[in-house]
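This report concerns only the one structure given below.
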Amino acid sequence: MGKEKEREKKSSSLESGSYNYKMFSFFNRKFKINEVEPPSDVKKAFSLFTDDGSTHMTAEQLRRFMSVHQSEVSTRLEDAQNIIEQVVNRRHHITKFARHTLNIEDFFYFLLSDDLNGPIRTQVHHDMSAPLSHYFIYTGHNSYLTGNQLSSDCSEVPIIKALQNGVRVIELDLWPSKDEILVLHGRTLTTPVSFIQCLTSIKEYAFVSSPYPVIITLEDHLTPELQAKAADMITQTFETMLYYPESDLTEFPSPESLKYRIMISTKPPKEYLEVRSKDASEDESSPKDDSDASESDQEDEDFKSLQAGVSGYKRLITIHAGKPKGSLKTALKEVTDQVRRLSLSEHQLEKLAGSHGLDIVRFTQRNILRVYPKGTRFTSSNYKPTIGWMHGAQMVAFNMQGYGKSLWLMHGMFRANGGSGYVIKPDILTRSADELFDPKATLLPVQKTLKVKIYMGDGWRLDFKHTHFDAYSPPDFYTKIFIVGVPADEAKKKTKIIEDDWCPVWDEEFSFPLTVPDLALLRIEVREHDISEKDDFGGQTCLPVPELRTGFRSVPLHDKKGVKHKNVRLLMRFEFV
1 MGKEKEREKK SSSLESGSYN YKMFSFFNRK FKINEVEPPS DVKKAFSLFT
51 DDGSTHMTAE QLRRFMSVHQ SEVSTRLEDA QNIIEQVVNR RHHITKFARH
101 TLNIEDFFYF LLSDDLNGPI RTQVHHDMSA PLSHYFIYTG HNSYLTGNQL
151 SSDCSEVPII KALQNGVRVI ELDLWPSKDE ILVLHGRTLT TPVSFIQCLT
201 SIKEYAFVSS PYPVIITLED HLTPELQAKA ADMITQTFET MLYYPESDLT
251 EFPSPESLKY RIMISTKPPK EYLEVRSKDA SEDESSPKDD SDASESDQED
301 EDFKSLQAGV SGYKRLITIH AGKPKGSLKT ALKEVTDQVR RLSLSEHQLE
351 KLAGSHGLDI VRFTQRNILR VYPKGTRFTS SNYKPTIGWM HGAQMVAFNM
401 QGYGKSLWLM HGMFRANGGS GYVIKPDILT RSADELFDPK ATLLPVQKTL
451 KVKIYMGDGW RLDFKHTHFD AYSPPDFYTK IFIVGVPADE AKKKTKIIED
501 DWCPVWDEEF SFPLTVPDLA LLRIEVREHD ISEKDDFGGQ TCLPVPELRT
551 GFRSVPLHDK KGVKHKNVRL LMRFEFV
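The numbering of the sequence shown is full-length UniProt numbering, which starts it at 1 and goes up by one.
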């Protein structure tokens with residue numbers, strides 16, 4: 001009974017606040033949770049930017065708050081008026097704009113609205129005119145798999161989902177089946193999907209989330225006859241959407257110049273044709289009778305037709321690809337008159353990075369490096385992507401169908417630049433040779449310090465059943481905050497546990513010194529403390545540090561699979577010093 005009375009006392013002490021939500025009940029409405037009160041910092045900011053003693057903020061005062069406190073210097077008076085109109089309409093259900101000011105509860109509501117006051121910019125704002133090699137590109141691995149790597153179904157559905165989520169590189173493994181082309185994970189029990197079905201889906205969904213180019217990487221196990229057939233399928237499906245150069249590239253084109261275009265990247269099929277040409281030359285020097293000559297003429301015609309088809313397939317390849325031949329260091333040797341894509345497994349990258357980190361960075365300034373999961377990740381798990389990004393790898397290929405902390409980092413990186421799927425690499429990875437970034441460097445100076453203040457959280461009471469976390473009492477939330485990036489910057493902080501509260505108020509601040517802020521990610525995870533069992537998961541997000549907007553920000557949380565919760569969010573403040 002003592003704990004019940006304490007809960008009743010706590011809930012009744014909370015004043016009306018931001019959301020104007022209806023009372024949320026549990027235990028047959030015996031206990032009621034009211035809305036949380038605006039933090040003192042919010043009240044001070046409201047008072048600072050309004051006239052002394054005023055209970056309402058005008059559009060001009062809101063504009064000044066946005067410009068000065070939130071560092072949004074381009075905010076216009078019309079923008080502030082639009083915010084006021086939206087807040088008043090939502091909170092008070094006024095269909096016609098009747099009030100031109102915000103009271104403190106309206107102001108708090110605005111600050112907690114992630115669509116009006118989110119933590120990062122939602123528009124494309126990076127320079128998109130640099131070569132493709134100057135960007136990190138959102139890349140999938142075995143994009144057609146619905147589950148594990150050994151026995152799951154192959155389908156166009158995960159390809160569609162990936163494109164809808166902004167992925168720009170789709171991988172297809174092509175295998176022959178008589179005269180058909182199938183997509184499947186070879187030498188496993190995965191059930192296939194047709195190549196043409198995948199192509200059709202890519203065409204339909206390629207640009208639903210981003211106008212920037214889609215790259216299809218092909219793992220090609222086809223016969224020359226089927227390569228020619230694949231070329232026909234690709235050209236007939238994509239038509240004018242398909243981009244390929246007239247000759248081999250000496251520099252990659254820019255994302256801006258390739259808007260709404262689709263490109264092919266695979267290993268050129270030259271070895272087969274060279275062998276056949278050599279065999280044909282040897283046959284020409286041998287004496288033949290009439291019947292042999294007739295058969296030879298037919299073979300020559302067939303070969304020429306096949307050669308034309310395979311040449312057509314080769315012509316469609318914009319980004320020539322390959323895997324290491326010989327030593328890994330040799331694979332990084334640059335060719336001055338052409339650019340290419342090199343593929344390394346996560347294990348190969350780790351091995352090579354240990355002794356040739358600078359060579360990798362230098363290679364990725366002009367060429368594209370693709371990193372893929374090691375073959376033993378049967379459950380479609382992923383590796384830590386930061387090692388690839390630190391070395392300038394553009395295509396850090398991930399299994400998108402699962403979930404986990406590594407995938408959350410991938411989601412976080414590509415929330416940058418308006419979710420376009422292209423994030424320009426920091427200057428340290430594209431500088432001249434004498435200023436080249438060394439990923440192994442440890443004694444780097446601190447460039448800036450990120451200060452993170454977490455005020456409170458709300459929304460669980462709306463998105464979860466009242467018994468989800470605890471059958472007999474409100475949840476006990478705490479938050480973990482991580483910096484993920486170069487080893488010198490990695491850090492972890494944790495708030496105190498707030499017991500028995502659906503709207504926890506932490507009001508704690510943490511500082512993170514950063515030596516390479518341009519490669520840092522801020523990962524946030526809320527947990528519900530449980531004494532007897534593993535702590536429950538309450539939501540997560542990951543944000544690119546260079547994209548953070550300073551000031552008070554509403555930070556929406558996502559579930560384990562990366563799906564955004566409808567109402568769960570945190571009120572935080574970001575500052576760089």
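Yeah, the Cβ is synthetic: ideal placement off N, Cα and C, and Gly gets one too.
Under a CB-based cut-off of 8 Å, is residue i close to chain B?
i      : result
ARG573 : Here there is only one protein chain, and chain B is not present.
For residue i, collect the residues of the same chain with a Cβ closer than 6 Å to its Cβ; drop the 5 residues on either side in sequence, then sort them by chain order.
i      : result
LEU407 : ASN382
LYS492 : PHE482
ALA520 : ILE483, GLY485, ASP489, LEU514, VAL545
PHE512 : LEU450, ILE483, ALA491
SER67  : VAL73, THR75
ARG168 : ILE137, TYR138, VAL214, GLY421
SER355 : none
Alpha carbon to alpha carbon, what distance is there between residue j and residue i?
i      : j      : result
LEU14  : VAL545 : Note that LEU14 scores 37 on pLDDT, short of 50, meaning its location in the model is unreliable and no value can be drawn from it.
GLN307 : ILE264 : 19 Å
SER254 : TRP389 : 19 Å
LEU218 : ILE234 : 12 Å
ALA80  : MET57  : 11 Å
LEU570 : TYR243 : 44 Å
GLU239 : SER257 : 18 Å
MET241 : VAL361 : 32 Å
PRO268 : LEU342 : 13 Å
LYS384 : MET410 : 9 Å
THR55  : ASP470 : 39 Å
GLN447 : GLU225 : 57 Å
PHE414 : GLN236 : 31 Å
THR139 : ASP127 : 20 Å
PHE24  : PRO474 : Low confidence applies here, because PHE24 scores a pLDDT of 39, under 50, leaving its location unreliable; read the following figure in that light. Approximately 12 Å between the Cα atoms of the pair.
GLU85  : SER113 : 14 Å
LYS10  : PHE477 : Caution is warranted here: a pLDDT of 40 is assigned to LYS10, below 50, making its placement in the model unreliable, and the coordinate value is therefore given only provisionally. So the alpha carbons of these two residues sit roughly 15 Å apart.
ARG553 : THR223 : 56 Å
PRO517 : LYS333 : 30 Å
THR330 : PRO324 : 8 Å
PHE31  : HIS466 : Note that PHE31 scores a pLDDT of 37, beneath 50, so its modelled location is shaky; the value from the coordinates is reported in the next line. The straight-line gap from Cα to Cα measures roughly 11 Å.
ASP115 : LYS44  : 23 Å
If we call anything under 8 Å between Cβ atoms a contact, is residue i one with residue j?
i      : j      : result
VAL568 : GLY459 : yes
PRO192 : LEU184 : yes
ILE368 : MET395 : yes
GLN338 : ASP248 : yes
LEU163 : ALA206 : yes
MET572 : TYR455 : yes
VAL577 : THR430 : no
THR479 : ILE524 : yes
ASN417 : VAL208 : no
LEU77  : LEU102 : no
GLY392 : GLN365 : yes
TYR403 : LYS561 : yes
GLY166 : GLY419 : yes
ARG377 : ALA397 : no
VAL42  : LEU111 : yes
THR190 : ASP220 : no
ILE317 : HIS134 : no
List the residues that DSSP assigns as beta-bridge partners of residue i.
i           : result
ILE524      : ILE481, THR541
PHE552      : ARG573
PHE265      : Residue identity check: residue 265 is Ser in the sequence provided, not Phe. According to DSSP, SER265 bridges with THR217, ILE319.
residue 650 : Here the chain covers residues 1 to 577 and nothing more, so residue 650 does not appear.
GLU509      : LYS453
TYR422      : ILE137
LYS564      : HIS558
ILE498      : PHE477
Spatial neighbours of residue i within its chain, please: C-beta separation below 7 Å, excluding the five flanking residues on both sides.
i           : result
residue 578 : In the structure as shown, the chain begins at 1 and stops at 577. Residue 578 is therefore absent and cannot be evaluated.
PRO211      : LYS259, TYR260
HIS558      : GLY539, GLN540, THR541, LYS564, HIS565
ASP535      : ARG527, GLU528, HIS529
Identify, in the order they occur along the chain, each residue of the same chain with its Cβ nearer than 8 Å to the Cβ of residue i, setting aside the five sequence neighbours on each side.
i      : result
THR549 : Residue identity check: residue 549 is Arg in the sequence provided, not Thr. So the list reads GLN70, SER71, GLU72, GLY118, PRO119, ILE120, ARG121, PHE574, once near-sequence residues are dropped.
THR146 : SER152, ASP153, CYS154, SER155, VAL157, PRO158, GLN401
GLU60  : LEU77, ALA80
GLU508 : LYS453, ILE454, THR495, LYS496
Counting only runs of 4+ residues fully inside the segment 103-137, write out the alpha helix (DSSP H) ranges in chain order.
Complete alpha helix (DSSP H) runs here, min 4: 104-111, 114-117.
Complete runs of the beta strand (DSSP E) confined to the segment 160-244 [at least 3 residues]
For the segment 160-244, whole beta strand (DSSP E) runs of length 3 or above, ordered along the chain, are 169-177, 180-183, 214-220.
Contiguous alpha helix (DSSP H) assignments of at least 4 residues, all confined to the segment 25-96
Under the rule that a run must span 4 or more residues, the alpha helix (DSSP H) segments found entirely inside the segment 25-96 read 40-48, 59-68, 77-92.
Fully enclosed by the segment 346-416, which beta strand (DSSP E) runs are 3 residues long or longer?
Counting only runs that start and end inside the segment 346-416, the beta strand (DSSP E) elements of at least 3 residues fall at 368-372.
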